[in-house]
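According to full-length UniProt numbering, the sequence shown is numbered sequentially starting from 1.
Even glycine gets a Cβ: it sits at the ideal position worked out from N, Cα and C.
A quick note: this is a predicted structure, and the numbers were derived from the prediction, not measured.
First up is the structure itself, then whatever we jot down about it.
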Amino acid sequence: MYDINYEKPESIVPRRRRVGVPGRLDADGAVVEEIDTDAVAEAAEYLVEKQDVDSIAICFLHAYQNGQHEQAAAECVQDAYPDISVSVSSDISGEYREYERTSTAVLDGYIKPIFENYVDTLDASLRDGGFDGSFFVTRSGGGTLTAESAKSAPAHTILSGPAGGLIGASHVGRVTDRDNLITVDMGGTSLDAAVVEDGSPVVKYDSSLEHQPLMIPVYDIRTIGAGGGSIAWIDGDLLKVGPESAGADPGPICYDNGGTQPTVTDAALALGFLDPGDFLGGDMDTAAGDALDGIEEELAEPLGMTVDEASKGVLDVALANTVGAIREITVEKGLDPRDFSMVAYGGAGPMFVPLLARELGASEVLVPQAPSVFSAWGMLMADVVYDFSQTHLAVLDDATLNELKTAFADLEAEGRETLTAEGVAENRQRIGRAVEMRYFGQEHTVEVDADGVSSLDELAERFEDQHETRYGHTMDDPVQVVHLRVRAVGENDKPELERGTPREDSELTPADTREAYCFAEDDFVEFDVYRRDDLKPGDEIRGPAVVTEPTTSLVFHSDQTATTDDYGHIIITTDQ
C-alpha cells in the first residue's frame, strides 16, 4: 500500500528532451488536426542546438494506423539537420500500445548513431580489404537484414546475439529429422535457453531491454547467469551461483589472470571435467591449484564442506537455476521436455547439458560440430527476413473474413515489394501468415498460424487448439483478432552438412583416462577421454567419458551413451 523507500523509476528520456507538437490522429488513423511542421522545426532546433542531441525519436498517438504525420515530422527534421539520426515509431512497429511503441523507438534512437557508424566503418574496412560483395546483420527474431536495412531500424538487432545458434539448431534439426528442440547456449557469462517447435524457433513480440519495453519480434530466449564464468558465492548459509560473472577478464581463478572468486569453470576443473593441461588444446596455462584454494577459502570452509562437495554444490545450484528457466519455456507453455531433443553449444554447453538432460528427462542431447562457435556458424544458415504487422481489432464474424483477406494482401504486397527491392528473386520469396487472437476481454494473446486458412471456423478452431495447449482449457466467449502478422522470407543458399566416412578396420580407443566426478555414481570414478577428431560416424561410447576438443569438453556419465551420426554430431542418450 505504501513504501517509504519507493524510488520513482528513472525516465528513459529526461523531460527537457521531450517535446510535443500540434497535430492529431483519431484511433482509426484519420486526421483530426494537421501536423504543424513549423512547430516540428522549432522542436528540432531546440533539441539539436540547446540539448545537443545526436538522435531524435518520433512517436505520435495512433501513428500505427497512419504514419503520415510521423513521416512528415521526420522529413522536416532531416531537411534541417541531415546528420541527425531519426527513428520513426511507425516504421518500426505497426501495432498499438503507445508506451511500448515509444519505448522501442527511443531505444532505436539511442543506438542508431553508434550502429550507423559501426556498419559504415565495417563496410569501408571490407572494401579496403578487397571485398566487393554485401554483408548481412542478424535479426533478433531470426533471419538477416541487409546492412542498409539494419541501419534504418537497428532496434531489430538489439537481442540478436543468441539468434544465430537457434537458426543453426533449426537447420541441423531439419537435416537430422528433429523438429522439436531445446537449445542451450552456455558460454562464459550466461546461459541462453530456447525452444524450436515443429521446426521453427518460438518468436515473441513483447521483449524488454534493461526493463524497457521492446516491441519487435525476438526469439523467446531465457537468459540466466549460469555461464562458465558465473561466480559462486554465499548468501547467509546458502550457496548461490550468478548472476555476476568473472567474464573473460579477469575470468575464473584457474585462468591465472587475476581472478579471485570461484566460478562454475573452477568447480568443473575441481571435479575433473576439465584437464588443466589441455585448455585451448594445451595453449593456455592454468592455475588449477589456485582454483582449488579459492573454492576452499570462499565456499568450502564457510559452509563446512570439502572442496569436492562445494564444487559439486556449485554445479547443482547452476543446474537447478537452469531447470527452472527451461520449465518456463516448456512446461509453463504446455510443452513436455521429454518430447524434445536438446542441442548443446557454446564453450561450456557440452559439459553441462548432459546433466541437464538427466534432470529434465529429455530424450537426447545433440552436440554439433565446433559447438563453441556454433552460433556464428548458424548465421550462415539464415535467410533474409522481414516482419510486417498491423493491429486489427475485430471480433470474428462473417464480415471479418474479407477484412482479414484485404489486410493480409496489403501486408504481403509490402513484404514482396521489400524482398524484391533487396534483390530476392520471386522464386525464392516465401510468405507466412499469423494472427494474434484472444477471447474477448482477455489481455494477452495467442499466436495462430494462418497459412492455408480458408474459413473463420478453421481459424477459430486453430486458436482454441492453441489456447487449450497453452492454458489447458477453452472458453465460450467470442474470439477476437488483435494483430495480423506477415513474415516475408528470401531464401539464401546454405552450406551443406558434409557426411563423414564410417570407421572400417580400426577400433576407437581412448586417448587417456582420468578421475572425475560421476553424477550417476555420486562419486569420483575413472572416465575414458577421447579426442573428437578421432570419432567417426557410427562410433559408440559408453559413459562415463569425456570427449575433448580445443575449445570445449563434452562430459557424460555412466548412465549415458554417446553415438556419432553421419554428420559428425554426437548424440547423448540417457538410460531410462
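Item to check | Limits of the alpha helix (DSSP H) - the one that V13 falls within | outcome: Per DSSP, V13 belongs to no alpha helix (DSSP H) and is neither H nor E.
Checklist entry - Using a threshold of 7 Å, is the CB atom of A370 nearer than that to any non-hydrogen atom of the ligand NAD? => result Summarising the ligand content, the structure contains no ligands, and the ligand NAD is consequently not present.
Checklist entry - Of all the options V323, I541 and C518, which has the alpha carbon lying nearest to the alpha carbon of L508? => result Of the candidates V323, I541 and C518, the one whose C-alpha sits nearest the C-alpha of L508 is I541.
Item to check | Every unbroken beta strand (DSSP E) inside the segment 385-410 [3 residues or more] | outcome: Counting only runs of 3+ residues, no beta strand (DSSP E) is found wholly inside the segment 385-410.
Checklist entry - Which residues in the same chain as F57 place their Cβ atom closer than 6 Å to its Cβ, once the five residues preceding and following it in sequence are excluded? => result The question names Phe, but residue 57 is Ala in the sequence shown. When the five nearest sequence neighbours on each side are left out, the beta carbons in the same chain lying within less than 6 Å of the beta carbon of A57 are those of S87, A105, V106 and G109, in order along the chain.
Checklist entry - Mind pulling the alpha helix (DSSP H) runs of 4 or more residues that sit fully within the segment 266-325? => result For the alpha helix (DSSP H) assignment, the uninterrupted runs of no fewer than 4 residues enclosed by the segment 266-325 are, from N- to C-terminal side, 288-295.
Checklist entry - Since G188 and G227 are thought to touch, with beta carbons under 8 Å apart, how far apart are those beta carbons, to the nearest angstrom? => result The C-beta distance from G188 to G227 rounds to 5 Å, short enough to meet the 8 Å contact threshold.
Next on the checklist: Need the endpoints of the alpha helix (DSSP H) that S152 sits in, please.
Outcome noted: For S152, the enclosing alpha helix (DSSP H) starts and ends at A147 to S152.
Checklist entry - Going by DSSP, what residues sit across from G188 in a beta bridge? => result DSSP output for G188 lists no bridge partner at all.
Next on the checklist: Using C-beta distances below 8 Å, list every residue in its chain close to A413, excluding the 5 sequence neighbours before and after it, in chain order.
Outcome noted: Excluding sequence neighbours, A413 sits near nothing in its chain.
Next on the checklist: Counting C-beta neighbours from all protein chains within 10 Å, is the total for K494 16 or more, i.e. buried, or is it exposed?
Outcome noted: Looking at its Cβ environment, which holds fewer than 16 other Cβ atoms inside 10 Å, K494 is exposed.
Checklist entry - Would the segment 515-531 and the segment 552-569 be scored as touching if the rule is three or more Cβ pairs under 8 Å? => result Yes, they touch.
Checklist entry - Where are the beta strand (DSSP E) runs, 3 residues long or more, that stay fully inside the segment 431-467, in chain order? => result Annotation: the segment 431-467 contains the following complete segments of the beta strand (DSSP E) (minimum length 3 residues), in chain order: 446-449.
Checklist entry - Which one or two residues does DSSP pair with F527 in a beta bridge? => result Note: F527 sits in a beta bridge opposite R514.
Item to check | Short Cβ contact (8 Å threshold) for D275 with R514 | outcome: Going by C-beta atoms, D275 is nearer than 8 Å to R514.
Next on the checklist: For G334, count the other beta carbons within 10 Å of its own beta carbon; 16 or more makes it buried, fewer makes it exposed. Which is it?
Outcome noted: Label assigned to G334: exposed.
Checklist entry - Buried or exposed: which applies to A44, given that a residue is buried once 16 or more other Cβ atoms fall within 10 Å of its Cβ? => result A44 comes out buried.
Checklist entry - If you check the beta carbons only, do L411 and V384 fall under 8 Å apart? => result Their beta carbons are not under 8 Å apart, which means L411 does not touch V384 by this criterion.
Next on the checklist: Cutting at 6 Å between CB atoms, please list the residues of its own chain near D132, excluding the five before and the five after it.
Outcome noted: Answer for D132: no residue qualifies.
Next on the checklist: Between which two residues does the alpha helix (DSSP H) holding L360 run?
Outcome noted: Per DSSP, L360 belongs to the alpha helix (DSSP H) from G349 to L360.
Next on the checklist: For V172 and G500, I'd like the C-alpha separation in whole angstroms.
Outcome noted: Across the structure, V172 and G500 are spaced so that their CA atoms are roughly 15 Å apart.
Checklist entry - Can you tell me the Cα-Cα spacing of Q51 and L126, whole angstroms? => result The alpha-carbon atoms of Q51 and L126 are separated by roughly 35 Å.
Next on the checklist: In the DSSP output, which residue or residues are listed as bridge partners for R428?
Outcome noted: The partner list for R428 (beta bridge, DSSP) is empty, contrary to what the question assumes.
Checklist entry - By how many angstroms is the C-alpha of K240 removed from the C-alpha of G258? => result Cα to Cα, G258 sits roughly 22 Å from K240.
Next on the checklist: Going by C-alpha to C-alpha distance, which of A248, R503, V395 and H156 sits closest to S207?
Outcome noted: Cα-wise, what sits closest to S207 is H156.
Checklist entry - R174 to G199, Cα distance in whole Å? => result Those two C-alpha atoms are separated by around 7 Å.
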